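Chemist: Every number in our numbering is 23 more than the matching position in the sequence shown, counting from 1.
Dropping the structure in here first, questions after.
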Amino acid sequence: MKLDPSRALPHPLAAAISPGIFPYLGGSARPDLLRSIAAASGGAVVSGKRGARLAAQIPGVLVDPAVYAPRPPNDPDALFAYDDWLWRQQAAGVPVLLTDTPRIRNQDRSALAKALARWADVDEPTLVVLPVEAWWLRDGLPWLIDEVTAAGRPVAIVLLHQYNGLDTAGAVAGLLEFISAVQPVPVVLLRCDISAVGAVARRAFAGFVGWSAHTRHGPLPMRQPDRAEGRDESPSVFVPALHEYFKASSLPAFAGVGRLDVLRCGDPVCAGDSLLAIADRGEVDPRAGRLLASRHNVAAAEQLARRIFSAAEPRDAWEETCRAGAQASASLAEHGISLALKPWLRQWLQPPGKPVPVGLLLQ
24 MKLDPSRALP
34 HPLAAAISPG
44 IFPYLGGSAR
54 PDLLRSIAAA
64 SGGAVVSGKR
74 GARLAAQIPG
84 VLVDPAVYAP
94 RPPNDPDALF
104 AYDDWLWRQQ
114 AAGVPVLLTD
124 TPRIRNQDRS
134 ALAKALARWA
144 DVDEPTLVVL
154 PVEAWWLRDG
164 LPWLIDEVTA
174 AGRPVAIVLL
184 HQYNGLDTAG
194 AVAGLLEFIS
204 AVQPVPVVLL
214 RCDISAVGAV
224 ARRAFAGFVG
234 WSAHTRHGPL
244 PMRQPDRAEG
254 RDESPSVFVP
264 ALHEYFKASS
274 LPAFAGVGRL
284 DVLRCGDPVC
294 AGDSLLAIAD
304 RGEVDPRAGR
314 LLASRHNVAA
324 AEQLARRIFS
334 AAEPRDAWEE
344 TCRAGAQASA
354 SLAEHGISLA
364 LKPWLRQWLQ
374 PPGKPVPVGL
384 LLQ
């Protein structure tokens, strides 16, 4: 969803891409689907070599090189061996280049400075991708602010984590302080979840919301469950009424306690239907279920963004939406479903120095 450029801070980046919320589809989307989603949303990000080929076919699509996987600490050439990704993006004709930054390890200020200098002599509009862990939004925040301010270049934050980096205590407050401190340098959130909407409501330039669990965070190695434990392969689904993502396999539980209202969705994909349709589709055809979940996640994020950004005070509208989701989750306890308030949501509801109201806490 594009924002009115007048709502954004003045910066030449706005001449290349519009501020707002857009989908991050990775590199596996079909060309026809990507074209449709990019047209409806006003833009999109794809990733990797296949993404570069897709972007060459569809105007306005950006390419995340996505080479930020952990590198061996003793590899002297871990940063920027050659300019393959620069050439691929230029060949695709993307409106904005995204740098090919590998993971910037905690406390490695020199790597941060080197990343911010990447392709500085290139004339095309460029976003410096910063794949960092939550440490940089806490203990490393002064360094991050100083280096980004000194460089003066637009940055795209990829928060590396096994699941959600904004679950880390203090991460949301640090992110908001960073956005405010480096203004008017544009800050973009790359591979994020719906927290990107809250960040843009608090003056981030743009956010790219992943359409699946894999594309909503920067990848770090995860412990894979043993086969005996049974791994839930169902897709994650954004439930607007609860302001949170849930596994499709868990959705029938809400219907089982008579809370079908929680599952009703009015985005253009669901058109007022129940989110149970995603779970049902996945049981018959897992691949089709994942695609339907992803399309719903994109449409629901855009619908949320439209509502927040059209409000007179987007910041207040975002906080009220977070509060409503927490309250809806709390109400489920009366029906035997106890949902703990997720750490990222708790942080959005907790101004610095103030506790979350007891009524919103579920343990």
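Every residue, glycine too, gets a C-beta built ideally from N, C-alpha and C.
Bear in mind that the values here come from a model prediction, so they are computed numbers and not experimental data.
1. If you follow the beta strand (DSSP E) that G163 is part of, which residue opens it and which one closes it?
2. From T124, D255 and V223, pick the residue whose C-alpha is nearest to that of W142; which is it?
3. Indicate whether V84 and L121 have their beta-carbon atoms separated by less than 9 Å.
4. Which class does R214 belong to by DSSP, given the choice of helix, strand or coil?
5. Considering only C-alpha positions, which residue in the set R214, L167, V285 and S51 is nearest to H358?
6. Among the candidates A328, A335, T238 and G49, whose CA atom is the shortest distance from the CA of C345?
7. When the Cα atoms are used, what is the spatial distance from E200 to V145?
8. Which residues mark the beginning and the end of the beta strand (DSSP E) in which G230 is found?
9. Assign A157 to one of two classes, buried (16 or more other C-beta atoms within 10 Å of its C-beta) or exposed (fewer than that).
10. Contact between the segment 214-231 and the segment 178-194 is defined here as three or more beta-carbon pairs at a separation below 8 Å; is this criterion met?
11. Which residues in the same chain as R250 place their Cβ atom closer than 8 Å to its Cβ, once the five residues preceding and following it in sequence are excluded?
12. Are P82 and G116 touching if we call contact CB-CB under 9 Å?
13. With distances taken between CB atoms, is the gap from N387 to R128 smaller than 9 Å?
14. In its own chain, which residues sit with a C-beta less than 7 Å from the C-beta of Q80, not counting the 5 before and 5 after it?
15. Answer yes if the segment 303-320 comes into contact with the segment 222-231, meaning at least three C-beta pairs across the two stretches below 8 Å, and no otherwise.
16. Does the segment 154-171 touch the segment 334-353, meaning 3 or more C-beta pairs lie closer than 8 Å?
17. Where does I40 sit, in a helix, a strand or coil, going by DSSP?
18. Under a Cβ-count criterion, where at least 16 other Cβ atoms within 10 Å of its own Cβ denotes burial, should Y105 be classed as buried or exposed?
19. Terminal residues of the continuous alpha helix (DSSP H) containing T344?
20. Looking at G71 and G49, is the spacing between their C-beta atoms short of 9 Å?
21. Residues in its own chain within less than 6 Å of L198 by CB, not counting five upstream and five downstream?
22. Report the three-state DSSP secondary structure of K365 (helix, strand or coil).
23. Distance, Cα to Cα, S41 vs P258?
24. With respect to the alpha helix (DSSP H) encompassing H319, which residues constitute its N-terminal and C-terminal limits?
25. To the nearest whole angstrom, what separates the beta carbons of A224 and P337, a pair I think is in contact under 8 Å?
26. Please classify G43 as buried or exposed, where buried requires at least 16 other C-beta atoms within 10 Å of its C-beta.
Modeler: Once the coordinates are examined:
1. For the purposes of this step, residue 163 is identified with residue 140 of the sequence shown, where counting begins at 1. From DSSP, G163 is part of no beta strand (DSSP E); its letter is neither H nor E.
2. Here the question's residue 142 lines up with position 119 in the sequence shown. Among T124, D255 and V223, the Cα nearest to that of W142 belongs to T124.
3. Here residue 84 is taken as the residue at index 61 of the sequence shown, counted from 1. Here residue 121 is taken as the residue at index 98 of the sequence shown, counted from 1. Here V84 is not near L121, since their CB atoms are 9 Å or more apart.
4. Stepping through the sequence shown from its first residue, residue 214 is reached at position 191. Note: R214 maps to strand in three-state DSSP.
5. Translated into the one-based positions of the sequence shown, residue 358 becomes position 335. Out of R214, L167, V285 and S51, V285 has the C-alpha closest to the C-alpha of H358.
6. In the sequence shown, residue 345 corresponds to position 322, counting from 1. Comparing Cα-Cα distances from C345 to each of A328, A335, T238 and G49, the minimum goes to A328.
7. Residue numbering aside, residue 200 sits at position 177 when the sequence shown is read from its first letter. Residue numbering aside, residue 145 sits at position 122 when the sequence shown is read from its first letter. Straight-line Cα distance between these residues: approximately 29 Å.
8. Working through the sequence shown from its first residue, we reach residue 230 at position 207. That run of the beta strand (DSSP E) goes A229 to G233.
9. Locating residue 157 in the sequence shown gives position 134, where the first residue counts as 1. Burial state of A157 is buried, judged by a 10 Å Cβ sphere holding 16 or more other Cβ atoms.
10. yes
11. In the sequence shown, the residue the question calls residue 250 occupies position 227. Reliability fails at R250, whose pLDDT of 49 lies under 50, so the model's placement of it is uncertain and no value is given.
12. Start at 1 with the first residue of the sequence shown, and residue 82 comes out as number 59. Start at 1 with the first residue of the sequence shown, and residue 116 comes out as number 93. Yes, they are a contact pair.
13. Any question about residue 387 goes unanswered here, given that the chain covers just 24 to 386.
14. The sequence position of residue 80 within the sequence shown is 57, counting from 1. Excluding sequence neighbours, Q80 sits near P54.
15. no
16. Output reads no: the segment 154-171 does not touch the segment 334-353.
17. Residue 40 sits at position 17 when you count from the first residue of the sequence shown. Correct three-state label for I40: coil.
18. For the purposes of this step, residue 105 is taken as residue 82 along the sequence shown, with counting starting at 1. Per the 10 Å Cβ criterion, exposed.
19. In the sequence shown, residue 344 corresponds to position 321, counting from 1. Taken as a continuous stretch (DSSP letters only), the alpha helix (DSSP H) holding T344 covers P337 to S354.
20. What you label residue 49 is simply residue 26 of the sequence shown in a count that begins at 1. What you label residue 71 is simply residue 48 of the sequence shown in a count that begins at 1. Yes. Within cutoff.
21. One-based indexing of the sequence shown puts residue 198 at position 175. Excluding positions up to five away in sequence, the list reads L160.
22. For this step, residue 365 is matched to residue 342 along the sequence shown. Three-state DSSP puts K365 in coil, outside helix and strand.
23. What you label residue 41 is simply residue 18 of the sequence shown in a count that begins at 1. What you label residue 258 is simply residue 235 of the sequence shown in a count that begins at 1. Spanning the two alpha carbons is a distance of roughly 30 Å.
24. Taking the sequence shown and counting its residues from 1, one reaches residue 319 at position 296. Here the alpha helix (DSSP H) through H319 covers P309 to F332.
25. Here residue 224 refers to the residue found at position 201 of the sequence shown. Here residue 337 refers to the residue found at position 314 of the sequence shown. The Cβ separation is near 4 Å, so the contact holds.
26. Here residue 43 is taken as the residue at index 20 of the sequence shown, counted from 1. Answer is buried; the Cβ neighbour count reaches 16.
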